[in-house]
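Peer 1: Residue numbering for the sequence shown follows UniProt numbering, beginning at 1 and increasing consecutively. Even glycine gets a Cβ: it sits at the ideal position worked out from N, Cα and C. Predicted model, so just to flag it, every value in this text is computed and none were measured. Dumping the structure here so I can ask a few things about it.
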Amino acid sequence: MTTQFYDRLSNDFTQLLESGVNCDVSIEVGEVSLVNIYKVHSIILQSRSPYFKKKFDEITFNENHVKVLKLPNISVKEFSVIIKYVYSGEISLEKLENSVIFDLLIASNELELDELVEYLQSYLVNDNSSWLILNFAQVYRTSYQVKNFKIIRDFCNNIITKHPNTIFESENFHSLPEDALISILKQDNLQLEEGKIWEYVIEWGKAKNPTLPTNLDKWTSDNFLSLKKTLKECLPHIRYFSISGEDVVEKIYPYQQLLEHQLFSDINIKFITPSKSISSIVLPPRKILNETLPSRIISIPLSSSIISNEHALEISSWIDRKEIPYIENNPYEFKLLVRGSRDGFNVKTIYNKRDKVSKTIIILKVKDTHEILGGYNPLDLENNNDQWKKTKDSFVLSLKNANMKNSILSRAFDSNSTIGNLPSDLELSFGHNLRLIGNLKNEKRCYCMKSNDYSKPIYSSEFILSPFCLLSGKYFFSVKEYEVFKISPRK
1 MTTQFYDRLS
11 NDFTQLLESG
21 VNCDVSIEVG
31 EVSLVNIYKV
41 HSIILQSRSP
51 YFKKKFDEIT
61 FNENHVKVLK
71 LPNISVKEFS
81 VIIKYVYSGE
91 ISLEKLENSV
101 IFDLLIASNE
111 LELDELVEYL
121 QSYLVNDNSS
131 WLILNFAQVY
141 RTSYQVKNFK
151 IIRDFCNNII
161 TKHPNTIFES
171 ENFHSLPEDA
181 LISILKQDNL
191 QLEEGKIWEY
201 VIEWGKAKNP
211 TLPTNLDKWT
221 SDNFLSLKKT
231 LKECLPHIRY
241 FSISGEDVVE
251 KIYPYQQLLE
261 HQLFSDINIK
271 FITPSKSISS
281 IVLPPRKILN
291 ETLPSRIISI
301 PLSSSIISNE
311 HALEISSWID
321 RKEIPYIENN
331 PYEFKLLVRG
341 SRDGFNVKTI
351 YNKRDKVSKT
361 IIILKVKDTH
371 EILGGYNPLD
381 LENNNDQWKK
391 TKDSFVLSLK
401 NANMKNSILS
411 RAFDSNSTIG
421 NLPSDLELSF
431 GHNLRLIGNL
441 KNEKRCYCMK
451 SNDYSKPIYS
461 SEFILSPFCL
471 LSGKYFFSVK
481 EYEVFKISPR
491 K
């Protein structure tokens, strides 16, 4: 029997890394302003990774007998995890945000650490699928740009076949790589009508040819030829003979110049005389699981100038404490109660408009930074009663937008977490993590603070007020717009 002492081996190699003894390689990680230098041993790194073996063979020793390798595309945080794994075989992800773990996956692939690449993919799919879905377009596009991401790519394909709108209705659909789109079109169980699939393919092709006339009546033969060349690899995967007669007339006929003459002729023959034989290849119909197919995400009657339908789905998922967020068919209705530009920006207005109303959410667009902050309150607000109310179901948030890569959810720690119902002081507060005071637009008195009421800060770190620092104007903000919604189950 063989006895293995991996723990001791791991510990000894970790100490070797920390000691810096006999290091012959210097690795500079990060951008110019945030460079960190790691002193490492070439023999260990090249035995663990083909990438390092190739690089060290290419690099010559400097006058200090050290090889210098620069990795500007990998952050210090990512490389610190990687180098510990290389030496010790250990990795800890608990304190890392999912966005960092995804970047760590990309960096591990670049360094050809195949074991780590497989582990990180499985970790994200099995334990953090909700983050993958919320960032679906980015994740799916990356999974096709990086061929080793098979686990994530399979996960994404499974989501798409069941919920095709996650990609087809995404704002990033037009930037989808061709091979990714073809992979979707090949799916036999894609849950979407064939006529709708044809429309999406045409839409994608047009986006690749932005100079095409908007009005189809003005298209020339050259215009059709350009689109045909763009869609050359996609068109063979459309199940033409599964398209309904109505869709053939309305959707195929206007673009008949995209199809080969024999195929278009056979489509007509099948449409007119279904039993007649044809020479074109007939792909099998897709395996539709539901009789009623979703063609588009069911729109929420959302009257908002701040948040999108995607934001509303994300908020609804948080209310229901869903590990995997809603991606369509929002179970809640967001009824607008108050809007700053319509009703006024004084906090007293909020109390007047939602007196005795429970299950509401306030959404703010911060002036200058354009961050979207907010808080969910499951309790009644009372217009004539100052008190700090306790609840374990409230939360504060920061929503992703053009300037914010990921949304932040900060839940109440426990049943002692508070919401400040303070109409006399013109204040509405979620603990100290989000405090709204006075006239939200004209007075710069709102602020966020680190506190024990909610799990994490939601505002830009440079503007988070510490409980121990003096009140300073730099920590306060005003609001460009705010909205308050009543959250009710959809009928």
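1. Have a look at the DSSP bridge pairing and note the partners of Q387.
2. From E443, D24, D414, pick the residue whose C-alpha is nearest to that of E427; which is it?
3. Under the DSSP definition of a beta bridge, which residues are partnered with F485?
4. When the Cα atoms are used, what is the spatial distance from S26 to E90?
5. Look at L434 and D386 and say whether their C-beta atoms are less than 7 Å apart.
6. Could you tell me the alpha carbon to alpha carbon distance between S299 and S265, rounded to whole angstroms?
7. Let me check one thing: in DSSP terms, what residues is I409 bridge-paired to?
8. Can you tell me whether DSSP reads F241 as helix, strand or coil?
9. W219: which of Q257, D7, S398, D114 sits nearest, CA to CA?
10. Unbroken beta strand (DSSP E) runs of length 3 or more, entirely within the region 429-456: which are they?
11. Please state whether the Cβ-Cβ distance between L181 and P164 is less than 7 Å.
12. Between D425 and L185, what straight-line distance do the alpha-carbon atoms span, to the nearest angstrom?
13. Report the three-state DSSP secondary structure of N189 (helix, strand or coil).
14. Where do the N-terminal and C-terminal ends of the beta strand (DSSP E) with residue 541 fall, by residue?
15. For S189, which residues in the same chain have their Cβ closer than 6 Å to its Cβ, ignoring the five residues on either side in sequence?
16. Under a Cβ-count criterion, where at least 16 other Cβ atoms within 10 Å of its own Cβ denotes burial, should G245 be classed as buried or exposed?
17. My guess is that L120 and Y51 are in contact by the Cβ rule of under 8 Å, so how many angstroms apart are they, rounded?
18. If you reduce the DSSP assignment to three classes, tell me which class L373 lands in.
19. What's the gap between the Cα of F413 and the Cα of E323?
20. Terminal residues of the continuous alpha helix (DSSP H) containing L9?
21. Is it the case that the region 90-107 contacts the region 49-67, given that we only count it when at least three CB pairs across the two stretches are under 8 Å?
22. Among the candidates I408, E18, V86, F5, whose CA atom is the shortest distance from the CA of W131?
23. How big is the Cα-Cα spacing for S80 and K232?
24. For the beta strand (DSSP E) that L124 lies in, which residues bound it at each end?
25. Could you name the residues of the same chain whose beta carbon sits closer than 6 Å to that of H59, not counting the 5 residues immediately before and after it, in chain order?
26. According to DSSP, is E233 part of a helix, a strand, or is it coil?
27. Just to confirm, are V383 and S394 a CB contact at a threshold of 7 Å?
28. Around the Cβ of W388, are there at least 16 other Cβ atoms within 10 angstroms (buried) or fewer (exposed)?
29. With DSSP run on the structure shown, which of helix, strand or coil describes D247?
30. Which of the three DSSP states is assigned to L69 in this structure?
31. Return the residue from the list S226, V249, G195, L381 that minimises the CA-CA distance to A207.
32. Quick one: what's got a C-beta closer than 7 Å to F224's C-beta in the same chain, skipping five residues either side?
33. Where does the unbroken beta strand (DSSP E) through Y38 begin, and where does it stop?
34. So what's F52 in DSSP terms, helix, strand or just coil?
35. Between the Cα of K70 and the Cα atoms of L34, Y240, I319, which residue gives the shortest distance?
36. From the DSSP output, which residues share a beta bridge with V139?
Peer 2: So, from the listed chains and residues:
1. Translated into the one-based positions of the sequence shown, residue 387 becomes position 387. N421.
2. By 1-based counting over the sequence shown, the position of residue 427 is 427. Ranking E443, D24, D414 by Cα distance to E427 puts E443 first.
3. Position 485 of the sequence shown holds residue 485. According to DSSP, F485 bridges with L336, I361.
4. Within the sequence shown, residue 26 is the residue found at index 26, counting from 1. Within the sequence shown, residue 90 is the residue found at index 90, counting from 1. Our two residues, S26 and E90, have alpha carbons roughly 22 Å apart in a direct line.
5. Position 434 of the sequence shown, counting from 1, holds the residue named residue 434. Position 386 of the sequence shown, counting from 1, holds the residue named residue 386. Result no, Cβ atoms of L434 and D386 do not sit closer than 7 Å.
6. What you label residue 299 is simply residue 299 of the sequence shown in a count that begins at 1. What you label residue 265 is simply residue 265 of the sequence shown in a count that begins at 1. Model confidence at S299 stands at a pLDDT of 46, short of 50, so the residue's coordinates are unreliable; what they give is reported in the following sentence. Near 38 Å, if we compare the C-alpha coordinates of S265 and S299.
7. On the sequence shown, residue 409 is found 409 positions in, with the first residue counted as 1. For the sequence presented, residue 409 should be read as Leu rather than Ile. Bridge partners of L409: L397.
8. Locating residue 241 in the sequence shown gives position 241, where the first residue counts as 1. DSSP places F241 in helix when its eight states are reduced to three.
9. The residue labelled residue 219 in the question sits at position 219 within the sequence shown. Taking the Cα of W219 as reference, the smallest distance to any Cα among Q257, D7, S398, D114 is reached at Q257.
10. The region 429-456 contains these whole beta strand (DSSP E) runs: 434-437.
11. The residue you call residue 181 lines up with position 181 of the sequence shown. The residue you call residue 164 lines up with position 164 of the sequence shown. Judged by their CB atoms, L181 and P164 are not nearer to each other than the 7 Å cut-off.
12. Within the sequence shown, residue 425 is the residue found at index 425, counting from 1. Within the sequence shown, residue 185 is the residue found at index 185, counting from 1. Going from the Cα of D425 to the Cα of L185 covers about 59 Å.
13. The residue given as residue 189 occupies position 189 in the sequence shown. Three-state result, N189: coil.
14. Nothing in the structure corresponds to residue 541, since the chain is present only between 1 and 491.
15. Residue mapping note: residue 189 aligns to position 189 of the sequence shown, counting from 1. Reading off the sequence, residue 189 comes out as Asn, not Ser. For N189, same chain residues with a beta-carbon under 6 Å away, outside a window of 5 residues either side, are T161, K287 in chain order.
16. One-based indexing of the sequence shown puts residue 245 at position 245. Exposed is the call here.
17. Reading the sequence shown from its first residue, position 120 is the one you call residue 120. Reading the sequence shown from its first residue, position 51 is the one you call residue 51. Actually they are not in contact, since the Cβ atoms of L120 and Y51 sit about 16 Å apart, beyond 8 Å.
18. In the sequence shown, counting from the first residue as 1, residue 373 sits at position 373. If DSSP states are grouped into helix, strand and coil, L373 belongs with the strands.
19. Within the sequence shown, numbered from 1, the residue matching residue 413 stands at position 413. Within the sequence shown, numbered from 1, the residue matching residue 323 stands at position 323. Answer to the nearest angstrom: the Cα atoms are 18 Å apart.
20. Numbered from its first residue, the sequence shown carries residue 9 at position 9. Here the alpha helix (DSSP H) through L9 covers 6-19.
21. Short answer: they don't touch.
22. The sequence position of residue 131 within the sequence shown is 131, counting from 1. For the options I408, E18, V86, F5, the alpha carbon positioned closest to that of W131 is the one of I408.
23. Position 80 of the sequence shown, counted from the start, is the residue given in the question as residue 80. Position 232 of the sequence shown, counted from the start, is the residue given in the question as residue 232. Straight across, the Cα-Cα distance linking S80 with K232 is about 45 Å.
24. Working through the sequence shown from its first residue, we reach residue 124 at position 124. For L124, no beta strand (DSSP E) segment is defined; the enclosing uninterrupted segment is the alpha helix (DSSP H) at 114-127.
25. On the sequence shown, position 59 is the one that residue 59 refers to. Note that residue 59 corresponds to Ile in the displayed sequence, not to His. Setting aside the 5 residues that flank it on each side, I59 is surrounded in the same chain by K67, each with a C-beta closer than 6 Å to its C-beta; the list follows chain order.
26. Here residue 233 is taken as the residue at index 233 of the sequence shown, counted from 1. DSSP places E233 outside both helix and strand once states are collapsed to three, so it counts as coil.
27. Translated into the one-based positions of the sequence shown, residue 383 becomes position 383. Translated into the one-based positions of the sequence shown, residue 394 becomes position 394. It is Asn, not Val, that sits at residue 383 in the sequence shown. Taking 7 Å as the Cβ cut-off, N383 and S394 do not qualify as a contacting pair.
28. Residue numbering aside, residue 388 sits at position 388 when the sequence shown is read from its first letter. W388 sits exposed, since fewer than 16 C-beta atoms from the chains shown fall within 10 Å of its C-beta.
29. Here the question's residue 247 lines up with position 247 in the sequence shown. It is helical.
30. For the purposes of this step, residue 69 is taken as the residue at position 69 of the sequence shown. In the three-state reduction of the DSSP assignment, L69 falls in the strand class, which pools E and B.
31. Locating residue 207 in the sequence shown gives position 207, counting from the first residue. Nearest C-alpha to A207: S226.
32. The residue given as residue 224 occupies position 224 in the sequence shown. Excluding sequence neighbours, F224 sits near Q257, L258.
33. Sequence index remark: in the sequence shown, residue 38 carries index 38 (1-based). Annotation: the continuous beta strand (DSSP E) that includes Y38 extends over 36-40.
34. Here residue 52 corresponds to residue number 52 of the sequence shown, with the count starting at 1. In the structure shown, F52 sits in a helix (DSSP, three-state: H, G or I).
35. As a first step, residue 70 must be located in the sequence shown, where it is residue number 70. It is L34 whose Cα lies nearest to the Cα of K70.
36. Looking up residue 139 in the sequence shown gives position 139. Residue pairing by DSSP places V139 opposite no residue, since no beta bridge is assigned to it.
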